[in-house]
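Undergrad: Pasting a structure here, questions to come.
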Amino acid sequence: MAIELYRIDDRLIHGQVVVGWGSPLDIQFLVLVDDDVADSEWEQELYRMGTPPEMAIYFETVDSAAGQLDHYRRDERRGILLTSSIQTMRRLAEAASIPAVNLGGIHHRTGRTERLRYVFLDGEEEEALRSLADRGVIVTAQDVPAARAVPLSELLAAGQEG
Amino acid sequence: MSDSNAPAIRAIVAGHGDWAAGLVSALAQITGRGDLFLPLTNRGMSGEQLEMALRAAVDETGASCVFTDLVGGSWTLTARRVMRDRPSLVLVTGANLSMLLDFTFHDSMPPEEAARLAVEKGRSAMTVGGGGMQTGGGRGN
């Protein structure tokens, strides 16, 4: 499997992803799945500048990503697929098969409840995560490789504890 | 709560964890001019919150320069977003203490020029020594 990680992270490309995960997993490409970014040359340029020179970056809409997923999986390099929201990952999982999802950073916003220091969820997002799990997708929260992967059931049972 | 006294802050230092606060505290210890810098952390913040925080910091302090830690870090991307409508803002990535010290001592210079000199200083401050290597040195070129 050439895509090592399917990650939901509202900062998309940042230090934790390119260095924190990128170095230990020997990541050589990123697939950024976001309809808005895929439609904006300026946004793409911004993320290109944030990508280390040794990594390639590809921009996809949810629809194009679903079509290209097998192609990325056959790639001999190792990659990370990123979305900034749970809803985007859910849409992708409905259009293509995804084995596992990593919740890497969903930060505080009005209406969201703290589940972990780096995971805050509202009701709709919890529902979307349950629906991913019902499809057989393994959902865990883990901000960095050295941290423990917290299973979804434990995450949703967790109160407002940091 | 904005107008207490004239903005003395010249630059924002923004990074992961306590990196920025640590650098500014080191600057304060060496030069007594920690007040020229505002440290920001990205801990626990979404992309949206980072952008709001940096815009607010730039507006409230009048800082003309932003120093960040990683080229691919979230503050660097955020600064580039903010620079879209504030093109005069100067961004320096990969900051270190020597660089910031140099910037501190050039406080009468235009920020972009001071930043360029500071980057040269910061680069030349990096050396490797020891390790049993035959080619001594450590003095750079």
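Just so you know, the protein sequences line up as chains G and S, in that order.
Numbered by the working numbering, the letters in the first sequence go through residues 1 to 162 in order.
Numbered by the working numbering, the letters in the second sequence go through residues 163 to 303 in order.
Ideal Cβ placement from N, Cα and C applies to all residues, glycine included.
Just so it is clear, the structure is predicted and the values come from calculations on it, not from any experiment.
Glu-154(G) to Tyr-118(G), Cα distance in whole Å?
TA: Between Glu-154(G) and Tyr-118(G), the C-alpha separation is close to 15 Å.
Undergrad: So Ala-38(G) and Ala-66(G) are supposed to be a Cβ contact under 8 Å. How far apart are they, rounded?
TA: Not confirmed; about 13 Å, so no contact.
Undergrad: Does the Cβ of Arg-14(G) have 16 or more other Cβ atoms within 10 Å, making it buried, or fewer, making it exposed?
TA: For clarity, residue 14(G) is His in the given sequence; the question names Arg instead. By the neighbour-count rule (16 or more Cβ atoms within 10 Å), His-14(G) is buried.
Undergrad: Please list, in chain order, the chain S residues whose beta carbon lies closer than 8 Å to that of Val-19(G).
TA: Chain S residues near Val-19(G): Leu-232, Gly-234.
Undergrad: Taking 7 Å as the threshold (beta carbon to beta carbon), is Leu-46(G) in contact with chain S?
TA: At least one chain S Cβ lies under 7 Å of Leu-46(G).
Undergrad: Closest to Trp-21(G) by C-alpha separation, out of Gly-79(G), Ala-128(G), Ser-84(G), would be which residue?
TA: Nearest option by C-alpha distance: Gly-79(G).
Undergrad: Expressed to the nearest angstrom, what Euclidean distance is found between the alpha-carbon atoms of Glu-41(G) and Glu-60(G)?
TA: Taking the straight line joining both Cα atoms gives about 12 Å.
Undergrad: Which residues in the same chain as Arg-248(S) place their Cβ atom closer than 7 Å to its Cβ, once the five residues preceding and following it in sequence are excluded?
TA: Closer than 7 Å at Cβ, skipping near neighbours: Val-220.
Undergrad: If you draw a straight line from the C-alpha of Arg-217(S) to the C-alpha of Ala-93(G), how long is it?
TA: Near 35 Å, if we compare the C-alpha coordinates of Ala-93(G) and Arg-217(S).
Undergrad: With DSSP as the reference, identify every bridge partner of Gly-177(S), one or two as the case may be.
TA: Paired residues: Thr-203(S).
Undergrad: Count the other C-beta atoms from every protein chain shown that fall within 10 angstroms of the C-beta of His-178(S), then say buried if there are 16 or more, exposed otherwise.
TA: So His-178(S) counts as buried.
Undergrad: Taking Cβ positions, are Met-245(S) and Leu-239(S) nearer each other than 7 Å?
TA: No, Cβ-Cβ distance for Met-245(S) and Leu-239(S) is not below 7 Å.
Undergrad: Check the Cβ of Ile-13(G) against every Cβ in chain S and list those closer than 9 Å, keeping chain order.
TA: Correct list: Gly-234, Ser-236, Leu-239.
Undergrad: Quick one: which unbroken alpha helix (DSSP H) runs of 4-plus residues sit fully inside the region 236 to 266 of chain S? Chain order, please.
TA: Entirely contained in the region 236 to 266 of chain S, the alpha helix (DSSP H) runs reaching 4 residues are, in chain order, 236 to 245.
Undergrad: Tell me, which residues are paired with Thr-83(G) by DSSP?
TA: According to DSSP, Thr-83(G) bridges with Ile-8(G).
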